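Down below is the structure, laid out as structure tokens.
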């Protein structure tokens, strides 16, 4: 049975163009193959559905004939409702050319193809910095109260000498001799699509078309150096073991002023000597005297907050059951209130 484009994007058949675009962006971000947990197959289905439903004429054909329409209307190229113009726009659709390694950079092939038709795409001269992932270990008490940690790690940071640019703009620029100041170089390449005249960013000037007269010696012109970096990490009360905190733009800085990547910190909570955690609840083992239980005396229990709690033993209490103190567990992350404290009694029988 053919895929339902509306179900793939999670929208109703009468959804507006804005709703379709919004749904696509969320799903494309979620399933992008380069992200952890991404799904290449689902990502392609999402792109295919969006390419059809985002175009009025193709959407009308799809609503009328289903997925098998011939795609002859609406300026579609390539048949089957697949718009190569959208396919070439790797910036919007996240296409990275994987699976086409034998023919080089597929994005460059489409660049050349569409630039030949008068369509000019903006090139990015430099890539953003790399994302980083670290692990930070905290105690159960810190997870209970919340805390602020100063996380230190080795990473590329902006060069202080040139403010991360790799050169000194005040000294001026000269046109790049390798590309005659165009910032790009044309070259012919053969692929399974046929022969193409490719246009790629000039390697010498990185697509800028100009070369700085004075490069920074401290960073060898790349605008960044390896150094120790410190980031202040705010950990909310109630965080659980294994959860990840994202700190936007706290990763490695990109080359020559490009934006930094993100920092992902995975939290590890140390096992506690007394308390055992079960989600938002805590479990503690407490010694108790049988005579005290028979006399219905209260049991004193320590809490994770450092205080003490007096718990009454209810009539009819069975040995092996747990006493329960509501609101004495862990805080609910991002919510209100706290979980429960379960007291497992270790009953001791008197010697005499």
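Residue numbers (the numbering used here): 459 to 810. The beta carbon of each residue, even a glycine, is placed where N, CA and C say it ideally should be. Because the structure is a prediction, the values reported are computed rather than measured.
Mind checking who residue i pairs with in its DSSP beta bridge?
i           : result
residue 693 : 605
residue 595 : 726
residue 788 : Residue 788 is not bridged to any residue.
residue 736 : 739
residue 610 : 688
residue 658 : 643
residue 494 : The partner list for residue 494 (beta bridge, DSSP) is empty, contrary to what the question assumes.
residue 471 : For residue 471, which the question treats as bridged, DSSP gives no partner whatsoever.
residue 711 : Paired residue(s): none; residue 711 is not in a bridge.
residue 779 : 777
residue 670 : 631
residue 745 : 804
With the cut-off set at 8 Å, would you say residue i and residue j are in Cβ contact?
i           : j           : result
residue 642 : residue 659 : yes
residue 598 : residue 727 : yes
residue 634 : residue 674 : no
residue 623 : residue 682 : no
residue 486 : residue 469 : no
residue 711 : residue 587 : yes
residue 464 : residue 510 : no
residue 805 : residue 769 : no
residue 752 : residue 808 : no
residue 719 : residue 602 : no
residue 672 : residue 615 : no
residue 508 : residue 478 : yes
residue 739 : residue 797 : yes
residue 590 : residue 781 : no
residue 618 : residue 607 : no
residue 680 : residue 708 : no
residue 725 : residue 596 : yes
residue 639 : residue 667 : yes
residue 684 : residue 612 : yes
residue 787 : residue 694 : no
Could you pull the start and end residues of the alpha helix (DSSP H) that residue i belongs to?
i           : result
residue 500 : 498–511
residue 484 : 475–489
residue 662 : Counting along the chain, residue 662 falls outside any alpha helix (DSSP H), and DSSP gives it neither H nor E.
residue 465 : 463–467
residue 749 : 748–752
residue 676 : Counting along the chain, residue 676 falls outside any alpha helix (DSSP H), and DSSP gives it neither H nor E.
residue 523 : 514–523
Could you give the first and the last residue of the continuous beta strand (DSSP E) run that contains residue i?
i           : result
residue 760 : 757–760
residue 768 : 766–769
residue 802 : 796–806
residue 703 : 702–705
Hey, is residue i's beta-carbon within less than 8 Å of any beta-carbon in chain B?
i           : result
residue 502 : Absence of chain B from the displayed structure is noted, only one protein chain being present.
For the structure I just gave you, are there three or more beta carbon pairs, one from the region 799–810 and one from the region 736–744, closer than 8 Å? yes
What are the start and end residues of each continuous beta strand (DSSP E) run of 3 or more residues lying completely inside the region 615–648, in chain order? 631–633
Inter-stretch contact (C-beta, 8 Å, three-pair minimum) for the region 788–797 and the region 716–732: no
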